[in-house]
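4 protein chains.
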Amino acid sequence: MSTGETLNFKPSSAVLLISCPDKLGIMAETFTFLARHNGNVLQADNFGDPDQNVFLMRVEWDLQRFDIDMRDFPAHFARLAERFQMQWRVALSSYRPRIAVLASRQDHCLADLLHRHQIGELACEVPLVVSNHPEAQRLAEFYGVEFHHVPMEKDRKAGAENTILDLMRAHNIDFIVLARFMQVLSNGFIQHYPNRIINIHHSFLPAFVGAKPYHRAFERGVKLVGATAHYVTEVLDEGPIIEQDTVRVSHRDTLDVLLQKGRDLEKVVLSRAVRWQVENRILLYGNKTTVFD
Amino acid sequence: MSTGETLNFKPSSAVLLISCPDKLGIMAETFTFLARHNGNVLQADNFGDPDQNVFLMRVEWDLQRFDIDMRDFPAHFARLAERFQMQWRVALSSYRPRIAVLASRQDHCLADLLHRHQIGELACEVPLVVSNHPEAQRLAEFYGVEFHHVPMEKDRKAGAENTILDLMRAHNIDFIVLARFMQVLSNGFIQHYPNRIINIHHSFLPAFVGAKPYHRAFERGVKLVGATAHYVTEVLDEGPIIEQDTVRVSHRDTLDVLLQKGRDLEKVVLSRAVRWQVENRILLYGNKTTVFD
Amino acid sequence: MSTGETLNFKPSSAVLLISCPDKLGIMAETFTFLARHNGNVLQADNFGDPDQNVFLMRVEWDLQRFDIDMRDFPAHFARLAERFQMQWRVALSSYRPRIAVLASRQDHCLADLLHRHQIGELACEVPLVVSNHPEAQRLAEFYGVEFHHVPMEKDRKAGAENTILDLMRAHNIDFIVLARFMQVLSNGFIQHYPNRIINIHHSFLPAFVGAKPYHRAFERGVKLVGATAHYVTEVLDEGPIIEQDTVRVSHRDTLDVLLQKGRDLEKVVLSRAVRWQVENRILLYGNKTTVFD
Amino acid sequence: MSTGETLNFKPSSAVLLISCPDKLGIMAETFTFLARHNGNVLQADNFGDPDQNVFLMRVEWDLQRFDIDMRDFPAHFARLAERFQMQWRVALSSYRPRIAVLASRQDHCLADLLHRHQIGELACEVPLVVSNHPEAQRLAEFYGVEFHHVPMEKDRKAGAENTILDLMRAHNIDFIVLARFMQVLSNGFIQHYPNRIINIHHSFLPAFVGAKPYHRAFERGVKLVGATAHYVTEVLDEGPIIEQDTVRVSHRDTLDVLLQKGRDLEKVVLSRAVRWQVENRILLYGNKTTVFD
Chain A
0 MSTGETLNFK PSSAVLLISC PDKLGIMAET FTFLARHNGN VLQADNFGDP
50 DQNVFLMRVE WDLQRFDIDM RDFPAHFARL AERFQMQWRV ALSSYRPRIA
100 VLASRQDHCL ADLLHRHQIG ELACEVPLVV SNHPEAQRLA EFYGVEFHHV
150 PMEKDRKAGA ENTILDLMRA HNIDFIVLAR FMQVLSNGFI QHYPNRIINI
200 HHSFLPAFVG AKPYHRAFER GVKLVGATAH YVTEVLDEGP IIEQDTVRVS
250 HRDTLDVLLQ KGRDLEKVVL SRAVRWQVEN RILLYGNKTT VFD
Chain B
0 MSTGETLNFK PSSAVLLISC PDKLGIMAET FTFLARHNGN VLQADNFGDP
50 DQNVFLMRVE WDLQRFDIDM RDFPAHFARL AERFQMQWRV ALSSYRPRIA
100 VLASRQDHCL ADLLHRHQIG ELACEVPLVV SNHPEAQRLA EFYGVEFHHV
150 PMEKDRKAGA ENTILDLMRA HNIDFIVLAR FMQVLSNGFI QHYPNRIINI
200 HHSFLPAFVG AKPYHRAFER GVKLVGATAH YVTEVLDEGP IIEQDTVRVS
250 HRDTLDVLLQ KGRDLEKVVL SRAVRWQVEN RILLYGNKTT VFD
Chain C
0 MSTGETLNFK PSSAVLLISC PDKLGIMAET FTFLARHNGN VLQADNFGDP
50 DQNVFLMRVE WDLQRFDIDM RDFPAHFARL AERFQMQWRV ALSSYRPRIA
100 VLASRQDHCL ADLLHRHQIG ELACEVPLVV SNHPEAQRLA EFYGVEFHHV
150 PMEKDRKAGA ENTILDLMRA HNIDFIVLAR FMQVLSNGFI QHYPNRIINI
200 HHSFLPAFVG AKPYHRAFER GVKLVGATAH YVTEVLDEGP IIEQDTVRVS
250 HRDTLDVLLQ KGRDLEKVVL SRAVRWQVEN RILLYGNKTT VFD
Chain D
0 MSTGETLNFK PSSAVLLISC PDKLGIMAET FTFLARHNGN VLQADNFGDP
50 DQNVFLMRVE WDLQRFDIDM RDFPAHFARL AERFQMQWRV ALSSYRPRIA
100 VLASRQDHCL ADLLHRHQIG ELACEVPLVV SNHPEAQRLA EFYGVEFHHV
150 PMEKDRKAGA ENTILDLMRA HNIDFIVLAR FMQVLSNGFI QHYPNRIINI
200 HHSFLPAFVG AKPYHRAFER GVKLVGATAH YVTEVLDEGP IIEQDTVRVS
250 HRDTLDVLLQ KGRDLEKVVL SRAVRWQVEN RILLYGNKTT VFD
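Quick mapping for you: the protein sequence lines, in order, are chains A, B, C and D.
Sequential numbering of the first sequence, starting at 0, is according to numbering that gives the first Met the number 0.
Sequential numbering of the second sequence, starting at 0, is according to numbering that gives the first Met the number 0.
Sequential numbering of the third sequence, starting at 0, is according to numbering that gives the first Met the number 0.
Sequential numbering of the fourth sequence, starting at 0, is according to numbering that gives the first Met the number 0.
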């Protein structure tokens, strides 16, 4: 059976993510740098947007014979990075990012993520589940994850958010997944995790921004319902879209059936976004994402 | 090879479309009426919306041994229809509805519809193509359809619409298909064909209502683009949705590729809506459609 | 939140499933019978295959004012049923069918079904999980379901099957779901549950019948992988198909990714088939299914 | 409106396709070679299969400032190519490949391809249509394409194939599209265009290899039908798959409806394969394709 370690990453590899202005020689120099140090490339992907003069690249290479100690990588790579004005970061496949899941009463996305994690689909750690309802506790504990119940009462939201932030820090959380967390987070909170909070919105954005999208889709008489995974930014449901999908509905489908079909979408769409985040496959430019899958 | 006559209709059948308040006995009485007159049911479909207390039904039956002359059908059916306060109409498979296609410069939907009609996918007549650009003339004539070029200049729109209305009347048009007709029709025009004008909008409504939806989809960074066939009403892009579909796009897809993928969607979505209209499969309730396919 | 009771069934309704030769008056008589006894129809669906002269119908009606005690229904309906040579059965929405899940080491379908059941998507009881591996015990017990570990060793299969049959009988199981149960059941076993065993095959049947379909799909270089839910019959993977779906794969997808994408399909496809079975929406004719959803 | 020239290619670019054993430095050397000669990379894609030790790459670069005359490219690139044992070829965006379409009586794929070509979706020339039925002549001529009627009578197939081969040579055909050409070509014919004949098979291969796949799909009671574009090899329907797609069907769909839904699939699937071929996006390894789109 597959495990997260072997699913998409070689046992010992590194991923370099680059964003810079387009210029002659970026790839030549980068691949030459890697080859010179015996870094055999396992997967390379790139994208250039000529209108915005931006070049994005993801390179994954084998560390087995790479002759730079990865702790010294920044020092070795600095000159090249400066020359091309790169924004860059490097990630090791041996490091499993630490994610926290925020949930509310509906637990289908939470249950789905925890099971995927257990069977090795997600190469990350899930040390923490927080919910504003106590029901998810049993589920979190079944999967061996620490659970905290943090109520989000209207006039005590700021305090609740601080509690959650403290928990995040205490668990060294790398990014946050809102698994049908039905609360709007404050800008103050979001700024602590810029482009590191992934939300699942239960509609095909930009259709049905905001509350009760399935109800409004039902009212409008659409023939498909959708779900959208996106980064959370200060403007509600306007952050960069990571993944979307739709499913056919008919006039026969009651609102309950829409909700049920939607749940299937939400689980799949959110889990793809989380996996791509975990595997360092997402690069941002402007308000868009590039997914190198 | 299939022909429109045999595709979905028996050589000689009738379709009854009913809309009425839900009440005990509607189906019992209707099917008993048909059976008593030797009307063997070929297909029956129904839908009840308990919230709106509406009952909708489509029945298609064989006329071969049906003992009512269809010219007298209204007289025979009247008592039943009144009792249940039915809004109803009946259509004969022997009658091929007459549709007009309005097009602009982009002719992919027009070419698609004309070819489908030619190979027998659409059991209708297409006696008329109108465009505000002259380019479609060759295509229409290749398929043996009368073509009229009616420019839609900004300050002469009312006159142009009147010209089109005259053409519609002269050709006894039953309903109108806007095959990427890039003009907004006036309410005055629309009221002549209530729920008998089908438009293809090149987005997943209600996302990207209005102009240049692919451009805006591209800007927003969506991961799917869509197309929507709907009835034209007085509020732009707000009419009852007949059919929708989506297709996956990636960050690699330029605006040109979005347009091209969108064209494939538009052709398929519009042609489905037209076929359902031709085959009397669409019933309206509120601002929604019920498609009995 | 939705519960199984309200999802698709009215609190108190009955479903009648009919299969008979096509003949004038079946619907007239059936709906008249129901109306005469104050049975308000909630949903009715039918299908006739003229080539095979078969007529299939599913009617669901409200029992609230229905004036026949459902224990006496067969006696009341007998004359009508005989006249039209109907094969028929009736099911009450108040009865929740009892299903057993057979699983092996891979537990994604099992976990998915148990969670769906818990949140009310499936209007059935799940009193029993059996596996030839002990790992699923924790999961079954988390959801409050009795678990039995029955090893299926090569030379002791007959005994194992008898053990399972005894468990089925002891729990009054109505139908069996093979949730990635990687064992071939004997004809003797199958004959105890004719068309009452649902299997999920991890390919788009009839492509890749038999073992290791993902491996063979990977070898063949397909661009989509599929999953198929079907009834188990004596010929492996040849039973009537209930539901299928596919998902796109690319040359980049390793076998592990195919397996992972396939798991998502398997869960969704199997759960749809189980829900339709639970809600009495599936009718068989020949080796095909009619799904009245 | 988009034209083929601008759709996916810069006005003046070149595409290099490489297949070789995986080895350290391939990308470093190749990109360095291009950069040294002022070849700004527009798009680069690659794929390595570790099991088969094969590395595939597609690079497209801007010729505007590239300082090698493309007639001399082979001489300049030879040393690098030899060192890495590359199989390679280069294509200029200014060259529009010449394709011939072989059709039979059903002309939906032919009409679709010709219209796409006309509106600029396909950056190729279509100088020739051949059919074993005369009906397509009007269509070919409408789009300004030379047409030849070559009957394929059972005992005169060899002669007919020779006639077609002569036509191909006379028109300098680069590759052949079988647009529902219902004849099996001999191995002798195929060997003249190895991996340069694209066929559309009207099923989801490997399901329903051979004749009448929709009829067999209908008999089997599948819930989706599919279409597959593949290269023609000596074994019927066993060549490398380029593209596939499926569409949902229901028990209500007659065989005629399956055929009609299938036609929509065939058109889209075949046109994607042709576009990828035209744009030099397909690389073969073993019996599989890599599509760099």
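Backbone N, C-alpha and C fix where the C-beta goes; we use that ideal spot for every residue, glycine too.
No experiment lies behind these values; they were computed from the predicted model shown.
Is V267(C) close to chain G? Criterion is C-beta to C-beta, closer than 8 Å.
In the structure shown, chain G cannot be found, because the protein chains are A, B, C and D.
Could you tell me whether the Cβ of Q259(D) comes closer than 8 Å to any Cβ of chain B?
yes
On a CA-only basis, which of G38(C), V53(C), F46(C) and M181(C) is nearest V102(C)? Give me that one, please.
Correcting the residue type first, residue 102(C) is Ala in the shown sequence and not Val. The shortest C-alpha separation from A102(C) is found at M181(C).
Please confirm whether K260(A) and V221(A) have their CB atoms less than 8 Å apart.
no
Collapsed DSSP secondary structure at K153(C) in the structure displayed:
helix
Taking DSSP's pairing of strands, which residues face N45(B) in a bridge?
M56(B)
Neighbouring residues, chain B, relative to A110(D) (Cβ below 7 Å):
H114
Just to confirm, are Q243(B) and V273(B) a CB contact at a threshold of 8 Å?
no
Taking all protein chains shown into account, decide if L63(C) is buried (16 or more other Cβ within 10 angstroms of its Cβ) or exposed.
The question names Leu, but residue 63(C) is Gln in the sequence shown. Exposed, since its Cβ has fewer than 16 Cβ neighbours within 10 Å.
Quick check on R280(B) - is its C-beta less than 8 Å from some C-beta in chain C?
no
According to DSSP, is L235(B) helix, strand or coil?
coil
Can you tell me the Cα-Cα spacing of A27(D) and A43(A), whole angstroms?
12 Å
When burial is assigned at 16 or more other CB atoms within 10 Å of the CB, is I172(C) buried or exposed?
buried
Among H114(B), R78(B) and Y230(B), whose alpha-carbon lies nearest the alpha-carbon of N286(B)?
Y230(B)
By DSSP, does A216(D) sit in helix, in strand, or in coil?
helix
Going by other Cβ atoms of all chains shown within 10 Å of its Cβ, with 16 needed for buried, is P20(D) buried or exposed?
exposed
Which same chain residues end up closer than 7 Å to R104(B) when comparing Cβ atoms and leaving out the 5 residues on each side of it in sequence?
H132 and E134
Please compile the residues from chain A whose C-beta is within a distance smaller than 7 Å of the C-beta of D120(C).
Here residue 120(C) turns out to be Glu, not Asp, going by the sequence shown. Q259, listed in chain order.
Cutoff 8 Å: N52(B) Cβ touching any chain C Cβ:
no
Just to confirm, are L177(B) and I199(B) a CB contact at a threshold of 8 Å?
yes
What is the DSSP secondary structure of K222(C), reduced to helix, strand or coil?
coil
Do S18(B) and Q117(B) come within 8 Å of each other at the CB atom, strictly closer than that value?
no
Taking the CB atoms as reference points, tell me whether L164(D) and F188(D) lie closer together than 8 Å.
yes
Any Cβ of chain C within less than 8 Å of the Cβ of K43(B)?
The displayed chain sequence assigns Ala, not Lys, to residue 43(B). Closer than 8 Å: yes.
Step through the CB atoms of chain B and report whether any lies within less than 8 Å of the CB of K26(C).
Here the sequence assigns Met to residue 26(C), which means Lys is not the residue at that position. Yes, its Cβ sits closer than 8 Å to a Cβ of chain B.
Cβ-based burial, D50(B) [other Cβ within 10 Å; buried from 16]:
exposed
In this structure, does DSSP put S318(A) in helix, strand or coil?
Because residue 318(A) is not part of the residues shown, which for chain A are 0 to 292, the question remains open.
Short CB-CB distance (under 8 Å) between F30(C) and chain B
yes
T289(A) versus W275(D) - alpha carbon distance:
22 Å
Select from E237(C), L16(C), L127(C) and H191(C) the residue whose C-alpha is nearest the C-alpha of A206(C).
E237(C)
Please classify E124(B) as buried or exposed, where buried requires at least 16 neighbouring CB atoms within 10 angstroms.
buried
Backbone secondary structure at E81(D) - three-state DSSP:
helix
Against L23(C), what residues of chain B qualify as contacts under a CB-to-CB distance less than 7 Å, listed in chain order?
A34, N37 and N39
Under 8 Å from the C-beta of S107(B): neighbouring residues of chain D:
This sequence places His at residue 107(B); Ser is not what is there. Within 8 Å Cβ-Cβ: H114 and I118.
Assuming contact is defined by CB atoms lying nearer than 8 Å, are V58(A) and L15(A) in contact in what I supplied?
yes
I'd like the list of long-range same chain contacts for H191(A), defined as Cβ closer than 8 Å, with 5 residues on each side in sequence excluded.
L164 and M167
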